[in-house]
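Start counting the sequence shown at 967; every next residue gets the next number (the numbering used here).
Beta carbons are placed, not taken as given, at the ideal position from N, Cα and C, and that holds for glycine.
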Amino acid sequence: MNKVWSVLRLLWGDPRFLAMSWLARFVAVREWVAACGDYQPPATVDAAVIQSTAGAYSLDSSGRVATLIQTHGYYVGFLLQDSTLQDLLAFAETTPCYANRNQALPFYIQNKDQFEQELGTPLLLASYLNTHATCEAFQKLKTDPYILDVASQY
């Protein structure tokens, strides 16, 4: 039922996104679209020219970032400050995540290999579910002025 709901949700929003999400799973399709289409690679980051804010920074203006996200579906030019990155890594290592979004299957990310052996199957999805509220670094990024500016234009 969840699969049906996700397909209906995609159809309700933008049917082109549904087709893209199905076809983009195949590397050959992605390469063909990149070769034949209007594909423009996302901006690259030059570490020599950085405009920093509280948690994240980018070389591009917020309007340019929003346009790139709308065009390509992602943006790779965001960089996190070292302190924010270290806080996120510490959170990931000290907070249990859940296999396949199942709260009955908690494990610590550093024990992933051992947990996969216990499950007897490769782990395809791990999620922290609703624990982000306790992560200070996440809360800082959630209220970062630059990220909020990008979001308001997207």
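- Item | Whether Thr1097 touches Thr1061 by CB criterion (8 Å) | What you label residue 1097 is simply residue 131 of the sequence shown in a count that begins at 1. What you label residue 1061 is simply residue 95 of the sequence shown in a count that begins at 1. The Cβ-Cβ distance between Thr1097 and Thr1061 falls below 8 Å.
- Report buried or exposed for Leu1095, applying the criterion of at least 16 other Cβ atoms within 10 angstroms of its Cβ. For the purposes of this step, residue 1095 is taken as residue 129 along the sequence shown, with counting starting at 1. Exposed, by the Cβ-count rule.
- Is the beta carbon of Ser1027 sitting closer than 8 Å to the one on Arg1067? Numbered from 1 along the sequence shown, position 61 holds the residue referred to as residue 1027. Numbered from 1 along the sequence shown, position 101 holds the residue referred to as residue 1067. For Ser1027 and Arg1067, no; Cβs fall outside 8 Å.
- Query: Taking the C-alpha atoms as reference points, what is the distance between Leu1054 and Cys1063?
  - Reply: For the purposes of this step, residue 1054 is taken as residue 88 along the sequence shown, with counting starting at 1. For the purposes of this step, residue 1063 is taken as residue 97 along the sequence shown, with counting starting at 1. Cα-Cα distance, rounded: 13 Å.
- Message: Per the DSSP calculation, Ser1028 is bridged to which residue(s)?
- Response: The count along the sequence shown starts at 1 and reaches residue 1028 at position 62. BP columns for Ser1028 are empty, so no partner.
- Any idea what DSSP makes of Cys1063, helix, strand or coil? Working through the sequence shown from its first residue, we reach residue 1063 at position 97. Strand, per DSSP.
- Whole angstroms is fine: what's the gap from Tyr1040's alpha carbon to Val1031's? Here residue 1040 is taken as the residue at index 74 of the sequence shown, counted from 1. Here residue 1031 is taken as the residue at index 65 of the sequence shown, counted from 1. Rounded to the nearest angstrom, the gap between the Cα atoms of Tyr1040 and Val1031 is 9 Å.
- Buried or exposed by the 16-neighbour rule on C-beta atoms within 10 Å, applied to Leu1034: Counting from one through the sequence shown, the residue named residue 1034 turns up at place 68. Per the 10 Å Cβ criterion, buried.
- Message: Suppose the cutoff is 7 Å on Cβ atoms and the five residues either side in sequence are ignored; what does the same chain contact list for Ala1103 look like?
- Response: The residue labelled residue 1103 in the question sits at position 137 within the sequence shown. Scanning its chain for C-beta atoms nearer than 7 Å, with the 5 sequence neighbours on each side dropped, one finds around Ala1103 the residues Thr1050, Asp1053, Leu1054 and Phe1057, in chain order.
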